[in-house]
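> If you scroll down you'll find the structure; I have some questions about it.
Residue numbers (our numbering): 1184 to 1629.
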């Protein structure tokens, strides 16, 4: 994180402080929380300044830490307490995108302390959104309080939809915000913001979709295009990766649904109203998208637990063991779903003669490549007959598993392979290998 422009935010800070003078008045007593944070933000070009005041609503003194999240992709410009500008190293940067200040001396009951201020450059940040929290201690009750998400005021109509979230094997499959309202004639730019690829697909109300499964529908637009949609066109970006954009202008009123053609359940809605009607502001869209983003990424522990719950072993009459390994895990949320692109567990230790059964509820492959074999199109290569004995000189491929939501309940979801000889054998998902979806089978002598 870089420290830049040490004086650039001085004028902006003065404006924000004027807006916040009312926050420093007498505090009202309440049982919980004893300490809280008021946060505001203002923007000037690519610079956003966040200002925080800590308020003690109780009658006793509390020691505390006040923290704030730096917007994803933003660079810290400056930070200070009151009128004393601090070197950025004194702002308590924790290496996790958070900064903060500690007050061991504490805050007296019924008082407000501040302002705690930091300025960030958001030119490379998807959303200029932060939130504050405070940890209070040395008294009873102790604990923490977290404030709401805060963005600088922007009353223009929303202009951006974020397509996906997550990096590597963590894939948040959602359009953020999932639903918004814009006036007719307004354009929305769809920005791909995840390592997992996606499509943006609008169906036509006057003609049927192509006669093929959705993942194989033809592209009708290219990344960077600007197009018009009134409900009669068929728009499909094809599978696109992080950083791509598509701008869609909506000339007529209506409710227009769209979806990702390769991730069933990943969908969004644009409500288009007549000019002068109520709409989603840009600030509201930023906050809503960030809330949905944090909700999805917060599901990682649950997804890990779900994946590992599918790891089982069954002793067979001949003394060998059948091992069940789950391929991927999915946890759903109101805005979409979180998927972990992993084998559970990534390394399986078995004995010679044992069999592994991989089970997938979402699209993945189990592919052992022969020495020198390059990855190939998983849809073009037929699957290997299951229950064969593994030979490390050959390629073994499950085909694409977990396509029931796209192709129906008869789509294959399992793949078995028996390992007669000791050794260490790597394998990969051909759909998500570049994202880190790999596994290893370690076979020990019986």
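For every residue, glycine included, the Cβ atom is placed at its ideal position computed from N, Cα and C.
1. Just verifying my parser: in three-state terms, what is the DSSP assignment at residue 1254?
2. Taking 8 Å as the cut-off, does the stretch 1545-1557 touch the stretch 1373-1388 (at least 3 CB pairs, one atom from each stretch)?
3. Note down, in chain order, each residue of its chain lying with its Cβ closer than 7 Å to the Cβ of residue 1426, except the 5 sequence neighbours on either side.
4. Using the rule of at least 16 other Cβ atoms within 10 Å of the residue's Cβ for burial, across every protein chain shown, is residue 1389 buried or exposed?
5. Pick from 1264, 1335, 1279, 1244: whose alpha carbon is nearest that of residue 1232?
6. Please go through the stretch 1333-1399 and give each complete alpha helix (DSSP H) segment of 4 or more residues, from N-terminal end onward.
7. Quick one: is residue 1523 buried, meaning 16 or more other Cβ sit within 10 Å of its Cβ, or exposed?
8. For residue 1616, which of helix, strand or coil comes out of DSSP?
9. Look at the alpha carbon of residue 1491 and the alpha carbon of residue 1525, and state the distance between them as a whole number of angstroms.
10. My parser needs the beta strand (DSSP E) runs of 3 or more residues fully inside the stretch 1448-1524; what are they?
11. Per DSSP, which one or two residues make a beta bridge with residue 1313?
12. Compute the Euclidean distance between the alpha carbons of residue 1467 and residue 1495, then round it to the nearest angstrom.
13. Express the C-alpha separation of residue 1308 and residue 1271 in angstroms, rounding to a whole number.
14. Sorted by chain position, which residues of the same chain lie with C-beta nearer than 6 Å to residue 1594's C-beta, five sequence neighbours on each side aside?
15. How far does the alpha helix (DSSP H) with residue 1402 in it reach, from first residue to last?
16. For residue 1590, does the three-state DSSP call read helix, strand or coil?
17. Of the residues 1562, 1542, 1474, which one's Cα is nearest the Cα of residue 1360?
18. Taking DSSP as the reference, what is the three-state secondary structure of residue 1443?
19. By Cβ distance, which residues of its chain are closer than 6 Å to residue 1362, with the 5 residues on each side in sequence left out?
20. Can you check whether the CB of residue 1312 is closer than 9 Å to the CB of residue 1380?
21. The beta strand (DSSP E) with residue 1289 in it runs from where to where?
22. Looking only at its own chain, which residues have a Cβ that is under 7 Å from the Cβ of residue 1332, when we skip the five neighbours before and after it?
Quick look at the numbers:
1. coil
2. no
3. 1375
4. With fewer than 16 Cβ atoms within 10 Å of its Cβ, residue 1389 is classed as exposed.
5. 1335
6. none
7. buried
8. helix
9. 10 Å
10. 1450-1456, 1495-1498, 1504-1516
11. 1333
12. 45 Å
13. Note on residue 1271: pLDDT 44, under 50, position unreliable in the model; no value is reported.
14. Once the five neighbours on either side are set aside, the close Cβ partners of residue 1594 are 1586, 1587.
15. Note, residue 1402: premise wrong, no alpha helix (DSSP H); not H, not E.
16. Residue 1590 falls in the helix class under three-state DSSP.
17. 1474
18. coil
19. 1452
20. no
21. Here the beta strand (DSSP E) through residue 1289 covers 1281-1290.
22. Closer than 7 Å at Cβ, skipping near neighbours: 1312, 1314, 1470, 1473, 1474.
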